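First comes the structure, then the notes that go with it.
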Amino acid sequence: MYSRQVEGRELTFGVSGLLYKSNVLMYDKQTESLWSQVKNEAVAGPMTGKELEVLPSTLTSWEKWKKKHPDTFVLSLDTGYNRDYSQDPYADYYESRRGLFGFIKGLFKGHEGKELVAGVTVHDDSKAYPLEKLRQSGKTTDTIAGKTLTFSFDPVTGNLEVTDTDGNDIPYITAYWFVWKETHPETALLGDNNQ
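In the numbering used here, the protein residues as written are 3 to 197.
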């Protein structure tokens with residue numbers, strides 16, 4: 003999730019329908035620049051190179067979210083469109099080992115291309131942390147760019163929190179491993195000895 007404020011200007015974003023390094027590009031209605039979700043920056047148009055501020059977010063189920071935030075309001079399904087919003091149009095894609103354009107070749111031995119990772123960038127150094135490993139361990143500590151980070155997973159809420167030694171929240175991006183690797187080719191992967 004990102005702030006809409008870029009250099010003192012509020013932007014309105016939409017989905018462009020275009021892909022960049024296997025990830026859907028957003029566009030802003032003000033300048034029609036194209037923005038990479040995984041790079042957090044504009045990759046084409048007048049805003050090229052401008053960065054988006056990552057805001058705290060989490061990937062969880064509605065059931066777990068509701069337990070932590072029982073007073074949450076949900077958008078109405080009465081949108082004026084004849085569509086079944088209970089069905090996820092990407093369900094088959096999530097369950098498949100294929101990418102949009104065919105099979106994903108193994109990036110490293112022992113790791114699935116469509117494994118979900120928490121991608122972190124600190125001082126231009128990037129590293130990916132397999133979400134399943136973080137969930138299983140509950141708490142993981144690692145160092146990136148000289149900064150010690152703690153990954154804390156709450157099994158009740160499904161919330162993953164990443165903090166530094168001063169208790170500051172560290173932003174991360176949840177992505178498929180193959181998408182994160184393609185966008186950050188020099189990235190490391192937690193637990194991979196062939197980095």
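Glycine is no exception: its CB is placed at the ideal position from the N, C-alpha and C atoms. A quick note: this is a predicted structure, and the numbers were derived from the prediction, not measured.
Between the beta-carbon of residue i and the beta-carbon of residue j, is there less than 7 Å?
i	j	result
residue 2	residue 40	The chain is shown only over 3 to 197; residue 2 falls outside these bounds and no answer can be derived.
residue 146	residue 119	no
residue 35	residue 27	no
residue 140	residue 175	no
residue 54	residue 130	no
residue 161	residue 60	yes
residue 149	residue 166	yes
residue 143	residue 136	no
residue 77	residue 87	no
residue 181	residue 25	yes
residue 56	residue 132	no
residue 116	residue 178	yes
With a 10 Å radius around its C-beta and 16 neighbouring C-beta atoms as the bar for buried, classify residue i as buried or exposed.
i	result
residue 196	A caution first: residue 196 carries a pLDDT of 42, below 50, which makes its placement in the model unreliable, though a value can still be read off. Result: exposed.
residue 48	exposed
residue 64	exposed
residue 30	buried
residue 189	buried
residue 75	exposed
residue 158	exposed
Name the DSSP bridge partner or partners of residue i?
i	result
residue 182	Answer by DSSP bridge pairing: none, since residue 182 is not bridged.
residue 37	28 and 44
residue 128	123
residue 146	149
residue 171	165
residue 176	120
residue 23	DSSP output for residue 23 lists no bridge partner at all.
Can you tell me which of the three DSSP states residue i falls into?
i	result
residue 17	strand
residue 135	helix
residue 188	coil
residue 117	coil
residue 7	strand
residue 103	Interpretation of residue 103 is limited by its pLDDT of 48, a score under 50 that renders its predicted location unreliable; the figure taken from the coordinates is listed afterwards. Reduced to three states, the DSSP call for residue 103 is coil.
residue 87	coil
At a threshold of 6 Å, does residue i count as lining the ligand SAM (C-beta to nearest heavy atom)?
i	result
residue 87	Looking for the ligand SAM in the displayed structure turns up nothing, as the structure carries no ligands at all.
Under 7 Å between C-beta atoms, does residue i make it to chain C?
i	result
residue 83	Protein chain content of the structure displayed is limited to a single chain, and chain C is not contained in it.
For this session: Any chance you could list the alpha helix (DSSP H) runs of at least 4 consecutive residues sitting entirely within the region 42–84, in chain order?
Result: Runs of the alpha helix (DSSP H) lying entirely within the region 42–84 and spanning at least 4 residues, in chain order: 64–70.
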